[in-house]
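The next block holds one structure in the form of C-alpha cells; read it before the comments.
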C-alpha cells in the first residue's frame, strides 16, 4: 500500500533549513527569489507553487538522494515530481542547466515540465507516465506478469540510443557537452506507446561522484562523466534486453557474465529464454555491439552515433 504524503512537507523543509542560519530577512528575500516554479510548457498547462504544495501525492520510491512522488492537482492533472536532496548545485548554475534541458525536444527524451529550486533542494516536474520505467517492465517480465517481445526490445534499444545520440548532437551544435552519467532502466521511462524516454538528464553533473558510482553495475571502470561512460551504461542496458537479467536489482556484473559465456562458446545460452526465430537475426549483431560498448578501455568503445548506426542496420 502506497503511503499518502503531502508534497508541501518537502518544501517546508526548505524554509526550516534556510531560517536556521544567517539573517532571516535576507534569507526570506533569497527564498522569494528562488521559490517560483519555472516552466517549459504552454501557459494553459502551468500551475502555481501553492497548487503543487496543496496537492496530495503518492510516494513512489525514495533513496538517500531523492524521492519520487505521483502528484494529482485539483484539476486532475497528474505529474511525477522528483525531489532531489544533497545536490551540490549552485542555484544559478542549476537553473541554467535545467533551462537547457527544458529546451531540448526529442521523442526519446522525457520532457521536463518545470522545476523548483533553492540552494539546498530541488524539485523536477514531469508528466506522469502510467507505464512506469524499463526497470518495471523487466521486473514484471521476469515475474511472469507480462510478455516482452523481441520486437519491443529492439524498439526500446533503438529509442534509447536515438535519445542519447540527440543529446550529443545537441552538444556538438555549440552547447557544452553534458553526459547523462546515470543511465539505467529506472531512468528510462516508457510512454503510453512504450517508447523509451530518457529521464533525469542534466542532474548527474551536480551529484557527488562517490554516490553515483558506488555499487552501480552500469558505471564504466574509469568512473568518469563522459560520452564513453554513457556508452558503457548503454551497453549494459542492451545486454539486459538480450539476456532478461536485471543489473539494477541483482548487482550482477553482467558484462563479465556474458563474456564468460561467449568465451566458453555458449553464446546461444546468453540470450533470454523467450528468443525465437524472429529474434535470431538481430540478437547476435546486437550482442556484438553491446560487447564493444562495455569494453574495459574507453578509447576502444564506439561513439553513441556509431552505436546507433549499427543498431539501425539490424532493423
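Numbering (mature numbering (1 follows the signal peptide of the UniProt record, and there is no 0)), first residue to last: -21 to -1, 1 to 294.
Note that CB positions come from ideal geometry on N, CA and C, so glycine has one too.
None of these values were measured; they are calculated from a predicted model.
Looking at the backbone, the Cα of residue 250 and that of residue 258 are separated by about 10 Å. For residue 62, the uninterrupted beta strand (DSSP E) run begins and ends at 57 to 63, by DSSP. Under the rule that a run must span 4 or more residues, the alpha helix (DSSP H) segments found entirely inside the region 124 to 185 read 129 to 151. In the three-state DSSP reduction, residue 35 falls in the strand class (E or B). Three or more beta-carbon pairs separated by less than 8 Å link the region 210 to 222 to the region 266 to 276, which places the two stretches in contact. Collapsing the DSSP output to three states places residue 235 in a helix.
Between the beta-carbon of residue 174 and that of residue 87 there is about 7 Å, and that keeps the pair under the 8 Å contact cut.
For the 7 Å CB-CB criterion, residue 18 and residue 93 form a contact. Going by DSSP, residue 222 is part of the alpha helix (DSSP H) stretching over 206 to 222. In this structure, residue 49 sits near residue 37, with a CB-CB distance shorter than 7 Å. In the three-state scheme derived from DSSP, where H, G and I count as helix and E and B as strand, residue 18 is classed as strand. Per DSSP, residue 286 is one residue of the alpha helix (DSSP H) stretching across 283 to 293. Using a Cβ distance threshold of 7 Å, residue 80 and residue 181 count as a contacting pair.
Look at residue 109 here: in three-state DSSP terms it is coil, with no helix or strand label. Under DSSP, residue 94 shares a beta bridge with 17, 103.
Comparing C-alpha distances from residue 164 to each of 225, 246, 107 shows the shortest one belongs to 225. Secondary structure note for residue 229: its alpha helix (DSSP H) is the uninterrupted segment 226 to 229. Contact between the region 281 to 288 and the region 200 to 215 is established, with three or more Cβ pairs separated by less than 8 Å. Burial check for residue 253: the Cβ neighbour count within 10 Å stays below 16, so the residue is exposed. Separation of the CB atoms of residue 142 and residue 95 is rounded to 25 Å, and the pair is thereby denied contact status at 8 Å. Shown here for residue 77: same chain residues with a beta carbon closer than 6 Å to its own, the five before and five after excluded, namely 94 in chain order. CA-CA distance, residue 55 to residue 73, rounds to 29 Å. If you draw a straight line from the Cα of residue 232 to the Cα of residue 196, it is about 6 Å long.
Look at residue 66 here: in three-state DSSP terms it is coil, with no helix or strand label.
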